[in-house]
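S.K.: So the sequence shown is numbered by the working numbering: it starts at 6 and just counts up by one. Even for Gly, the Cβ is constructed at its ideal location relative to N, Cα and C. Quantities reported herein were computed from a predicted structural model and do not represent experimental measurements.
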Amino acid sequence: MKAFLDRNLWKRHSLLAGVDEAGRGPLAGPVVASAVILPRNFYHPQIDDSKKLTPHRRARLYNIITQSALSYCFGIVGPDVIDEINILNATKRAMKYAVENLALTPEVVLVDAVNIEGLSIKQIALIKGDTLSISIAAASILAKVKRDTIMTEYHRKYPRYHFHKHKGYPTKLHRICIKKYGPSPIHRKSFRLL
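1. Which whole-angstrom value describes the C-beta separation of glycine 80 and alanine 99, a residue pair presumed to lie in contact below a C-beta threshold of 8 Å?
2. Quick check: glutamine 51 and leucine 66, are their CB atoms within less than 8 Å of each other?
3. Taking the alpha-carbon positions, what's the asparagine 68 to leucine 147 distance?
4. Grouping DSSP H, G and I as helix and E and B as strand, with all else coil, what is leucine 21?
5. With distance defined between alpha-carbon atoms, name the residue in Ile139, Thr157 and Ala118 nearest to alanine 130.
6. Give the DSSP-derived three-state secondary structure of serine 80 in the structure shown.
7. In terms of residue numbering, what span does the alpha helix (DSSP H) encompassing aspartate 135 cover?
8. So what does DSSP say about glutamate 158, is it helix, strand or coil?
9. Ignoring anything shorter than 3 residues or poking outside the segment 84-151, list the beta strand (DSSP E) runs there in chain order.
10. Alpha carbon to alpha carbon, how far is lysine 133 from arginine 12?
11. Across the segment 48-62 and the segment 83-102, are there enough close Cβ pairs to call them in contact, namely three or more that are closer than 8 Å?
12. When you compare only the Cα positions, how much space is there between valine 37 and isoleucine 139?
13. Which residue or residues does DSSP assign as beta-bridge partners of isoleucine 42?
14. Which term fits serine 125, buried or exposed, when burial requires 16 or more other beta carbons within 10 angstroms of its beta carbon?
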């Protein structure tokens, strides 16, 4: 049960933040991190790892999470910075920004698989954290929906790449577009595009 870990921690700490990211694997666009503080003992049976949910369900849960959360924040790092500092460091930077800019200061931060360097708050890094913690799962949904929205907006600016369909991930369609038109300004030059 996803809330088990959170419930145990809520017995000792009232403010837990879940942190996750979306966009480490794509060839284009930003990496987006989300930090979210849910109310103590919050539970919703449909909150799960964002990758297991349909876009429609993610959008519905995004609204439930943002309306229920005590605080949430995003950290967004663009492709130029990803190219400069690498995707792992860009992810950590986005996560740190999201945590440090929450309206409330959490007592414990639950992070999906990454230690956020330079954060003065106690952290617990969990492999597959979005399947173990409702707070991390909620953060994964927020990050995924936010990033998908950004990529859909990029489609309007660069329609020939069809970012609204693949969100920058290395699909066959995306690679065909890169081969035909070359990289767009939002492609990650440090990634192997073809």
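M.R.: Judging by the given coordinates:
1. 4 Å
2. yes
3. 9 Å
4. strand
5. Ala118
6. Position check: residue 80 holds glycine in this sequence, whereas serine was assumed. Three-state result, glycine 80: strand.
7. 134-137
8. helix
9. 113-117 and 127-131
10. 18 Å
11. no
12. 19 Å
13. Ala22 and Ser76
14. exposed
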